[in-house]
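Read top to bottom, the protein sequences are chains A and B.
The numbers in UniProt numbering rise by one with no breaks, and the one at position 63 of the first sequence is 63.
The numbers in UniProt numbering rise by one with no breaks, and the one at position 145 of the second sequence is 145.
Beta carbons are placed, not taken as given, at the ideal position from N, Cα and C, and that holds for glycine.
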Amino acid sequence: MSTRLITALLASIPLAASAQSQLNLTQGVTEISQRVYDLHMTIFYICCVIGVIVFGAMFVSMILHRKSKGHKPATFHENVKVEILWTVIPFLILVGMAIPATKTLFAMEDASEAEVTVLVTGSQWKWHYKYFDRDVEYFSLLATRQDQINNRLEKGENYLLEVDRPLVLPTDTKVRFLVTSDDVIHSWWVPDFAVKKDANPGFINEAWTKIDEPGIYRGQCAELCGKDHGFMPVVVIAKEPAEFEAWISEQEAIAKAAKEEEQRLLSMSMSKDELMELGERVYLGSCAACHQPNGEGIPGVFPSLKGTAMVMNDKPGHINIVVNGKAGTAMQAFGNQLSLRELAAVITYERNAWGNNTGDLIQAADVNEYLNK
Amino acid sequence: MSTVAGEMDHHDHHHHAPSGITRWLFTTNHKDIGSMYLWFSFIMFLVGGSMAMVIRAELFQPGLQLVDPHFFNQMTTVHGLIMVFGAVMPAFTGLANWMVPMMIGAPDMALPRMNNWSFWILPFAFAILLASLFMEGGGPAFGWTFYAPLSTTYSSDSTALFVFSVHIMGISSIMGAINVIVTIMNMRAPGMTYMKMPLFVWTWFITAFLLIAVMPVLAGAVTMVLTDKYFSTSFFDAAGGGDPVLFQHIFWFFGHPEVYIMILPSFGIVSAIIPAFSRKKLFGYSSMVYATAAIAGLSFLVWAHHMFTTGMPVAAEIFFMYATMLISVPTGVKVFNWVATMWRGSISFETPMLFALAFVILFTIGGFSGLMLAITPVDFQYHDTYFVVAHFHYVLVSGAIFSIMAAAYYWLPKWTGHMYDETLAKWHFWCSLISVNVLFFPMHFAGLAGMPRRIPDYSLQFADINQIVSIGGFAFGLSQLIFLAVVIKCVRGGEKAPAKPWDGAEGLEWTVPSPAPYHTFETPPEVK
Ligand code: HEM
Ligand SMILES: [Cu+2]
C-alpha cells in the first residue's frame, strides 16, 4: 500500500510543478493571478515536505518495527518536550504562510481607482454585461449547439466554453466588476484573472482585474444555480486599449441604430412566416431551457405551454408574463433582454406552435404597450 | 480489571426478549440497536453509492448520455444527503451504541427507550427523502448545502418533504447525542475516571456536544427555507429585506462543526486500533483529549471559510483564514501522536490495522488540501471546483468511512463471536485502497485545471481525468460488495473468536466473552 501511495504523491510533484500542464492551477495573465499561483505552489511544497517527514516516519516504523521481524515494543508513551515541539513548529510554519497570504489578499480586495467598470449580472442561465458610462449592454449565452451536447454532432474545440457575445475588456487597464444576480446565486469565474465572485440577488459584489496580455480567456459559472449550471460559460476577449476603444464606440453606434430601428418597427407588421421563423429561433435560445423545445415544460418545475389556458385564451396575460416576468418564480422579465421584434415573434410562435394554432399574430406595437408597465 | 459478565450466562433471557420482528421493533438493548444502526447505515451506503455510480456514469464522457441535468442535480444532492446523514452519522451512532457501554463498563445506554425511538424514526426520514425523488418535479436538486434562493423560490415542491425528513434526522441525532452524554456522565464503572476513558468514548462525548449545539441550527435553517418557500417570509430574499448570504452563514455554522462530527469518532477508533496492533500504549493520551476538545472548540469559529467568494469584508476573510489555519495544529498533533505510537512498536498488519494506517495517510492528505483551501486568496481559485470535492472525499471516504471499516473489522469478532475471513478482508482492503485513490486523487488535478463541481457535462480538456475517476468509482463501488460478503460470512459462522482476539488490544470490551452476551456488566466491573 504504502509505496504506491508515496510514489503517487511524489509523481504528482513534477506534474503539478510544470506550469503549462493541464493538471495544475493556471498562472494566469495578471499580476494577481501570478501571485496566487506562487502562493499555491509554496503551500503545496510545504505540505509535500511535511508529508515526506510524517509518512516517512510511518513507513520506517512499518518496515523496521514489525512484529514479524521480532521487534519488541518499547514502552514510552509520553514526552512533553517533543509534544511542545510539534505544536510550536507547525504553528510557526503557519505564521510563515499567513504573511504572504495576507498581503495578497489585501491586494486582491483593493478595487479602488478603476478606469473601466462593468456590471456583471447572472441569471438562469446566462450572463449580462453592462459597461458603465457607455451605452453598451448585452447578454452572453452559451454558443455550443444542443446537438453537440446530445452527442449528435462532433464536439468543437471549445465545447461548452464558447458564447455568442463575449465580454470585451481593455488590457493594461484596471477594470472593476460589479457582480450581482437576477434570480439565484451564480458565481462569475475567470481562472486566468484569479477572479471568482458570487453573484448574489439583491446585493452587489466588487472585484477587479488588470490584464497583461491580449487574448481570449474562458471560465464558467462556479456556484450551483439550477438545471443548466454547467452551461453558462464566461468568455472574455482582452484587446489593446485603443482597439477596445474602437470596439466599444462601434457597439454604441450599433446600439443606437438598433433603437431607432425599433421605433420604426412599431408602425410595421411582420408576416406570419417571418414571425414564426424568428420566434422559433428566439424560443430555442431563451425559453427552451425551461419550457423545453416541445413546449411541455418539466412537470412540477417548469409549466407547459402546450394547450394551456393562458397561451390559448389569454393574450394580454401571455404578452405581459413574457415581457414583465412573474415575481417569485424562475420566469424572468424578457422585456429588457429581447428586442420588440423578437418578443413579438416568440409570443406568436408560442401561440401557434405544437398544435396551439390560435392563429394570433403579435406585432411589435402590441408588445410595446406592455413594456415599462 | 475484572469481569462479572460470564456469571449471567446460565440465566435464560428469552422471557424478556420477544422473537421475530417485534424483537427488533421493541428492543431497548444497546447491542440490538447498535446492530440495526450499522445495518441501516450500510444499506444507505449502498443506496447513496448507487447514486454516485449514476453520477460517475454520466461523467464518464463529455456530453449528456444517461440522465438530464435536472436529474443529475437530484443525484448529487441526494447522494450527499444520504452519505452524510444516512451512512456516516448512523454508522458512528451504531458503533457508539455497541461500544460505549461496553467500554465504560455499563450494562446498557442510559435511556434505552429513547434509543429505540431515535433509531426507528430514521428509516422513515430516509423513506420520505427517497420517495420525494418520484414526485412530480423530482426530489431536491439544490445540492446537499441547499443554498437559498435555489432551495426556496426556485425549488420544486418536494422541498417540503426534504425539510421534514431533515427535521426527523436532526431529532434522531439529538436524541442519540443526549443518550451518549447521559450514559458517559452517569454510568461509568467505579474507578473509570474521565481521564481513563478510552479515546473512542472521549471523542464521542465531545462529538455529542457538537451535535446538540448544531443540529438545532440546521433545523432552524430548514425551517426558514420552508417558511420562505411556503409562508411568504423573506429571511433569504433581498426583495423582502432578507439576505441570501445569511442562509450560508447559518448553514455553515452548522456545517463546519458537522464535518468534525463526522471525523472525531474516527480519531477515537484509530486511537484504539493503532496501539492494539503496535502492541504499545497510545502516545500522548492527554494531549489527544485536549486536541480533540480544541478542534471541537475551534470548529465553531471557522464556518465562513466555505464562503470566501460571497463577498465578505477583508477583516472577516482574514479572521476566518487564520482560524482555519489554526485548526491544523491540533489536527497535526493527533497525526504525530499516532506515528509516535507506532514508533518502535511491534507492528502487525491485520485488516483493522491496514484500514487505520490508510486512514492516517489519506486523512492527512485531505488535511493538506484543507490547509491549502484555508488560504483565502488561493481559495478563490479552488472554491467550488473538483479540488474541494477531492478534499472532502479524502477526509470523508478514505477518512471517516475507512475508520468505520477499521472499526467493523476490529470489533466484528466481539459482535459475532466469529473471526472474519482475513483473506477476503485483505482483498477488500487492497481493492478499496487502490480504487479510492484512482477515484479521488485525479480530482485534485481536474479542480486545479478549472473544472467546477456539480456540473453534468464538461469541456473536452477534462475528458481523460474524468474517465479515470469514473473507473476508480466503479471499482470502489464494487469493492464494497466484498465487505458485505465478509460481514455476512462472519455473522453466519467462522473460526470461534476468543474473548480477546487481538493480543495487543486493551479495554473492558475484551474482558467479556465473544460474542458479547446479550447483557454485559449488569454488575459493574472495578477499574483500577
Ligand atoms: C486541517 C483540517 C481542515 C481544513 C483546514 C479544512 C478546510 C476546508 C476549507 C477551507 C473548505 C472550503 C473549501 C471551499 O469550498 O472553497 C473545506 C471544505 C470542506 N471540508 Fe474541510 N478542512 C479540514 C478538514 C476537514 C475534515 C476533517 C472534514 C470532514 C471529515 C472536512 C470536510 C469538508 C467538507 C465536507 C467540505 C465541503 C463542503 C461542501 O462545500 O460541500 N474537512 N475544508
Ligand atoms: Cu469547514
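Applying a beta-carbon distance threshold of less than 7 Å, which residues of chain A neighbour residue i?
| i | result |
| --- | --- |
| Y154 of chain B | D183, V184, G226, A330 |
| P62 of chain B | K155, Y159 |
| Q461 of chain B | Q22 |
Would you tell me roughly how many angstroms separate the C-alpha atoms of residue i and residue j, rounded to the nearest one?
| i | j | result |
| --- | --- | --- |
| A106 of chain B | R188 of chain B | 6 Å |
| A246 of chain A | K315 of chain A | 44 Å |
| S21 of chain A | H306 of chain B | For S21 of chain A, the pLDDT reaches just 42, beneath the cut-off of 50, and the residue's location in the model is therefore unreliable, leaving the point undetermined. |
| P517 of chain B | L95 of chain B | 17 Å |
| H77 of chain A | T341 of chain B | 7 Å |
| F42 of chain B | F429 of chain B | 17 Å |
| V120 of chain A | E109 of chain A | 17 Å |
| A289 of chain A | P69 of chain B | 11 Å |
| I468 of chain B | L224 of chain A | 24 Å |
| V54 of chain A | S470 of chain B | 30 Å |
| T171 of chain A | P214 of chain A | 6 Å |
| F44 of chain A | M372 of chain B | 7 Å |
| D421 of chain B | W144 of chain B | 37 Å |
| G493 of chain B | W502 of chain B | 19 Å |
| M36 of chain B | V78 of chain B | 22 Å |
| G220 of chain B | W117 of chain B | 22 Å |
| G34 of chain B | A91 of chain B | 9 Å |
| P112 of chain B | F254 of chain B | 27 Å |
| F162 of chain B | W202 of chain B | 33 Å |
| S158 of chain B | I250 of chain B | 22 Å |
Which residues in chain B sit within 8 Å of residue i, going by Cβ to Cβ distance?
| i | result |
| --- | --- |
| V301 of chain A | H70, G137, G138, S156 |
| A220 of chain A | Note on identity: in this sequence residue 220 of chain A is Gln, with Ala being the wrong assignment. The answer, in chain order, is G450, P452, I455. |
| K72 of chain A | S346 |
| L105 of chain A | V314, E317, I318, M321, T376, P377 |
Mind listing the chain A neighbours of residue i? Cutoff is C-beta to C-beta under 9 Å, in chain order.
| i | result |
| --- | --- |
| V333 of chain B | E83, W86, T87, P90 |
| W117 of chain B | Simply none; closest approach about 33 Å. |
At a CB-CB cut-off below 9 Å, which residues of chain B make contact with residue i?
| i | result |
| --- | --- |
| T171 of chain A | Chain B residues near T171 of chain A: none, gap ~21 Å exceeds 9 Å. |
| M62 of chain A | M342, I347, F349, L357 |
Within its chain, find whatever has a CB closer than 8 Å to the CB of residue i; leave out the 5 residues flanking it on each side and keep chain order.
| i | result |
| --- | --- |
| E261 of chain A | none |
| Q148 of chain A | E154, K155, G156, Y159 |
| T30 of chain A | D192, F193, A194, T209, K210, I211, D212 |
| M114 of chain B | M175, I178, N179 |
| P101 of chain B | H30, P107, D108, M109, T183, M187, T520, F521 |
| H71 of chain A | L64, H65 |
Ignore the nearest five residues each way along the sequence and tell me which others in residue i's own chain have a CB closer than 6 Å to its CB.
| i | result |
| --- | --- |
| F45 of chain B | A87 |
| D228 of chain A | W125, A289 |
| I362 of chain A | A344, I347, T348 |
| I482 of chain B | W427, H428 |
| G507 of chain B | M103, P198 |
| W354 of chain A | G295, K306 |
Using a Cβ cut-off of 7 Å, pull out every chain B residue sitting near residue i, in sequence order please.
| i | result |
| --- | --- |
| S187 of chain A | T309, D384 |
| P293 of chain A | Per Cβ cutoff of 7 Å: no residues; P293 of chain A is ~13 Å from chain B at best. |
Leaving aside the five residues before and after residue i along the sequence, list all residues of the same chain whose C-beta is less than 7 Å from its C-beta, in chain order.
| i | result |
| --- | --- |
| K281 of chain B | P275 |
| R453 of chain B | D384, T385, Y386, V388, V389 |
| F124 of chain B | I168 |
| L64 of chain B | P456, D457 |
| T416 of chain B | C490, V491, P515 |
| A345 of chain A | L275, L278, G279, V282 |
| R134 of chain A | I248, E252 |
| V163 of chain A | S140, L141, L142, A143, P233, V235 |
At a CB-CB cut-off below 8 Å, which residues of chain A make contact with residue i?
| i | result |
| --- | --- |
| S287 of chain B | E83 |
| A356 of chain B | Those within 8 Å of A356 of chain B in chain A number zero; the least Cβ separation is about 11 Å. |
| V360 of chain B | M58 |
> When a residue counts only if its C-beta is closer than 6 Å to some heavy atom of ligand 1, which residues count, in chain order?
Replying inline: B:T145, B:V259, B:M262, B:I263, B:H305, B:H306, B:T324, B:I327, B:S328, B:T331, B:G367, B:G370, B:L371, B:L373, B:A374, B:D379, B:Y382, B:H383, B:V388, B:H391, B:F392, B:V395, B:L396, B:G399, B:A400
> Going along the chain, which unbroken runs of the alpha helix (DSSP H) with 4 or more residues stay wholly within the stretch 201-259 of chain A?
Replying inline: none
> Can you list, in chain order, the stretches of the alpha helix (DSSP H) that have 4 or more residues and sit fully within the stretch 265-308 of chain A?
Replying inline: 272-282, 288-291
>> So within the stretch 216-284 of chain B, which uninterrupted beta strand (DSSP E) runs reach at least 3 residues, ignoring any that extend past its ends?
In response: none
>> Extract the residue ranges of the alpha helix (DSSP H) inside the stretch 323-402 of chain B, only unbroken runs of 4 or more that lie entirely within it.
In response: The DSSP assignment places complete alpha helix (DSSP H) segments of no fewer than 4 residues inside the stretch 323-402 of chain B at 351-374, 376-382, 386-395, in order along the chain.
> At which residue ranges does the stretch 104-144 of chain B contain complete alpha helix (DSSP H) runs of 4 or more residues, listed in the order of the chain?
Replying inline: Taken in chain order, the complete alpha helix (DSSP H) segments of 4 residues or longer contained in the stretch 104-144 of chain B are 112-120, 122-131.
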